[in-house]
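In the working numbering, the protein residues as written are 11 to 121.
So this is what it looks like as structure tokens:
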């Protein structure tokens, strides 16, 4: 197999797990607010159902971004091109995630 094939497969499986967590959180009817990166929200939430859908959407976007990194590793077997593309993708993903988490918190935090 090529240089990064095993790494790409592992990253794709991880991305799929993130998407599945997002789907579960989006359709969950739980009265408990879910968190991103933890099992509960770190702050009191106004509307739990809408908050869980927003966090589920974040998990799905995260899973897709991680799966895209796996595809980049698979499609660009050259060490330099593949690694540079993955690093740029992670930087863009990190900025987008920080912005979205901040917007979720500002919309759903109880005053």
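Built from N, CA and C at the ideal position, the CB exists for glycine as well.
Asked: Can at least three beta-carbon pairs, one atom from the stretch 60-70 and one from the stretch 27-37, be found at a separation below 8 Å?; Found: yes
Asked: How about residue 103: is its Cβ closer than 6 Å to a heavy atom in the ligand MN?; Found: Only the bare structure without any ligand can be found here, which leaves the ligand MN out of the picture.
Asked: Going by beta carbon distance, what residues of the same chain come within less than 8 Å of residue 30, once the five residues before and after it are set aside?; Found: 73
Asked: Alpha carbon to alpha carbon, how far is residue 108 from residue 84? Give it in angstroms, no decimals.; Found: 27 Å
Asked: Are the C-beta atoms of residue 27 and some chain C residue less than 7 Å apart?; Found: Annotation note: the requested chain C is absent from the structure, which comprises a single protein chain.
Asked: Output the distance between the C-alpha atoms of residue 58 and residue 47, rounded to the nearest integer angstrom.; Found: 17 Å
Asked: Our contact map puts residue 24 next to residue 76 with C-beta atoms below 8 Å; I'd like the distance itself, whole angstroms only.; Found: 6 Å
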